[in-house]
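Taking it in order: structure first as structure tokens, then the write-up.
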Amino acid sequence: MSQQAEANFNKGIFLEKEAHFEKAKATYEDILQHATDETIREKVRWRMEDMDDLIAEKAIYHRIDENGKRVLTDIGMNIAENQTLMDILMEADAIDFDNETAIFIPLKRDYIDRCLEQVPQEMPGDPGKNTFGTGATPPFLKRATDDELRAASRDEYARIAQVVGEQQDVVGIFSLPVANDKSISLFEIAQLMEQHFPGLKMIATNKMADDEVAFLKGKDHWVDGTSLITSLAPMNTMVGPFLRSARTGNNLLLLDLTIAGMSGGGSPESLLTQIHAQVLFMMVIAQTVNPGVFCMHGGIPGVTEMGGDLSYSSPHQPLINGAMARVNTWITGFPSAQSGGSTSLTDVTLQAVSESELSRNSLRKYGVHIVRHAMGALGSLNFFSLEKFLEDCERERRSKHLFEESPKDRGVIPMYFPADDQALAGIREIAEKGNPKSADHTLKNVDAFRLWENSINEAAKKKLYYPQLNDTVIEIISRGEMIP
């Protein structure tokens, strides 16, 4: 095999992993034009099959990023009744009072751009790509020997922190795993987490005192998950805690958990556009009150079952979160947190553990950044089980090893993300009607996720990237099958 041709092929793979797909395609075309070694030509043809799909997918993510900003300039955020936020933005001369077509309070585009330019794109405590961990703060601890559902006690939290600390080879983020009862405070939980786990940790500080919030300041391995926006409007009870965290200088994890067709658009593109806009708005506010404060993009889209309940067993959950991650890793450069690796099942069964494993593997296939909720959660984030957490960690060790042993020349896998030219119009319709369920755009996209899943399944049947991990994992989950 020609050393020059091999070097050029490796350059193409590197360009793919950096999301420079047009340059990668040009590199591969040059190899096909000049190389004579059939082995390298076959490898190049394998990659060329995906280049146009990857180029088209990246273009949609560019549009999501641009339209997310247009939501803020053309539609606006519903903050007119929150005088605190209005005063902050008016003092900064950020509001576009000349805009007569916006539904809510629009921002000036140049102000948005200036704020986003101040957001750091490097995270000192970054655990790296495809990091999985705990999270979600479920209300109930699932106990192996007790059917009663309640929050965790001081002794139980001490045990959880110890066990999570013992699994650091596969746990990359220790995010608050379950609600606590009155025997222990959030601040005391944070101290337990600090004692047992040196890696990245996340906690929401909205219920902490001022001096306790400052505990996170200046610590690279902590992020503050005190959030602000949902459904194009602020959560009024969170405005004060959010501003306090931003002004303190804590690393901010800006969480938005919008659900398709329930609190956001029904199509994948409209859902990600709305979520992106809401996270960008939080970034703007944070940079306004404390320029340069670290912000992690925590757009965590959710999907539902037929009855409308949040569904972490859905094959669409890892897909939409993988796509949201690509908006950031390919386009914005913001550090990002996603969700997945869980299940809607409420008991620790083989099915529940297998669904979680398959979801994590699907996310890893497409490449994500930091994934919360991935280990120990049950019942679509309603329960945390230490028993399941340990099972998840064991499965994760096996999967991680298999991925590390897989060929390194397979390149980036397309997600065939479905375009929606009416995504921005759909968000405007939701804003006008006040509810996604009332929007015609939502009704027109009731099959959008299923059709997207079908396109991925068909592509996976034709081209197996990780056959040892059952590449058609989406289809397997849909059929209710399990990997033993």
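Taking our numbering, I'd label the letters of the sequence shown as residues 406 to 889.
We treat Cβ as the ideally placed atom computed from N, Cα and C, and that holds for glycine.
All figures in this text were calculated on a predicted structure; none of them were measured in a lab.
Reduced DSSP category for residue i - H, G, I as helix; E, B as strand; rest coil
i	result
Ala853	helix
Val628	strand
Leu420	helix
Met598	helix
Lys813	coil
Ala682	helix
Ala410	helix
Met528	coil
Asn733	helix
Tyr870	coil
Ile879	The predicted model places Ile879 with a pLDDT of 46, which falls under 50 and marks its position as unreliable; any figure quoted below should be read in that light. Reduced to three states, the DSSP call for Ile879 is helix.
Leu490	helix
Ile888	Because the pLDDT of Ile888 is 43, which lies under 50, any placement of that residue in the model is unreliable, and the number read from its coordinates should be weighed accordingly. Three-state result, Ile888: coil.
Asn415	helix
Asp825	coil
Pro720	coil
Asn611	coil
Ser759	helix
Best match in the options for proximity to residue i [C-alpha to C-alpha]
i	options	result
Leu795	Ile565, Ser632 and Ala730	Ile565
Arg649	Val694, Ala665 and Pro841	Val694
Ile484	Val575, Gln683 and Glu462	Gln683
Gly533	Ser741, Ser767 and Gly745	Ser741
Phe822	Asn787, Arg731 and Lys868	Arg731
Thr847	Ala619, Asn766, His702 and Ser672	Ser672
Pro706	Val476, Met667 and Ile818	Met667
Gln596	Trp627, Asp797 and Gln408	Trp627
Asp629	Gln679, Phe509, Lys612 and Lys547	Lys612
Ser744	Asn535, Phe854, Ala619 and Ile690	Asn535
Ala609	Ser716, Pro529 and Leu591	Leu591
Lys867	Glu454, Lys422, His425 and Asp797	Glu454
Arg450	Ala429, Ile469 and Lys463	Ala429
Ile835	Thr678, Glu434 and Val758	Thr678
Pro696	Asp518, Trp857 and Ser759	Asp518
Ile466	Asp825, Asp845 and Asp531	In the sequence as presented, Ile is not what sits at residue 466; that position holds Tyr. Here the closest residue by C-alpha is Asp825.
Glu760	Ser790, Ser719, Leu660 and His681	Ser719
Thr432	Glu443, Gln409 and Val851	Gln409
Leu791	Leu605, Glu411, Val575 and Lys547	Lys547
Residues that DSSP places opposite residue i in a beta bridge
i	result
Thr536	Ile775
Pro639	Ile634
Cys700	Leu657
Ile578	Gly538 and Leu605
Phe789	Leu546 and Ala782
Val709	Note on residue identity: the sequence assigns Thr, not Val, to residue 709. The partner list for Thr709 (beta bridge, DSSP) reads Leu715.
Leu766	Looking at the sequence itself, residue 766 is Asn, so the reference to Leu does not match. Answer by DSSP bridge pairing: none, since Asn766 is not bridged.
Gln523	The partner list for Gln523 (beta bridge, DSSP) is empty, contrary to what the question assumes.
Ala742	Ile775
Asn862	Answer is none; Asn862 lacks a bridge partner.
Ala651	Paired residue(s): none; Ala651 is not in a bridge.
Ala665	Gly669
Met482	Ile510
Ile500	Leu512
Delimiting residues of the beta strand (DSSP E) encompassing residue i
i	result
Glu553	Asp551 to Arg555
Leu546	Phe545 to Arg548
Ala429	No beta strand (DSSP E) contains Ala429, which is instead part of the alpha helix (DSSP H) from Phe426 to His439.
First through last residue of the alpha helix (DSSP H) which encompasses residue i
i	result
Ala464	Glu443 to Arg475
Phe509	Here Phe509 belongs to no alpha helix (DSSP H), and DSSP marks it neither H nor E.
Ala830	Ala828 to Lys838
Ile589	No alpha helix (DSSP H) holds Ile589; DSSP gives it neither H nor E.
Ala844	Segment: none, Ala844 is in no alpha helix (DSSP H) and carries neither H nor E.
Ile890	Summary: the structure shown does not reach residue 890, with the chain confined to residues 406 through 889, and so no result is reported for it.
Ala563	Arg559 to Gly570
Val618	Asp615 to Val618
Residue i at chain C interface by Cβ criterion, 8 Å
i	result
Glu423	Within the model displayed, chain C is absent; a lone protein chain is all it includes.
Flag this pair as touching only if the segment 780-788 and the segment 750-765 have three or more C-beta atom pairs under 8 Å; answer yes or no. In short, these stretches touch, since the Cβ pair count reaches three.
Does the count of Cβ pairs from the segment 641-658 and the segment 479-495 closer than 8 Å reach three? yes
Just checking, does the segment 701-718 make contact with the segment 496-505 on the three C-beta pairs under 8 Å criterion? no
Are three or more beta carbon pairs between the segment 554-564 and the segment 796-814 nearer than 8 Å? No, the segment 554-564 does not touch the segment 796-814.
Check whether the segment 803-817 and the segment 541-556 touch, using three or more Cβ-Cβ pairs below 8 Å as the test. no
Per the contact definition of three or more C-beta pairs closer than 8 Å, is the segment 651-663 in contact with the segment 824-832? no
Taking 8 Å as the threshold, find out whether the segment 464-479 comes into contact with the segment 506-525 through three or more Cβ pairs. yes
Contact between the segment 673-682 and the segment 614-628 (3+ Cβ pairs under 8 Å): no
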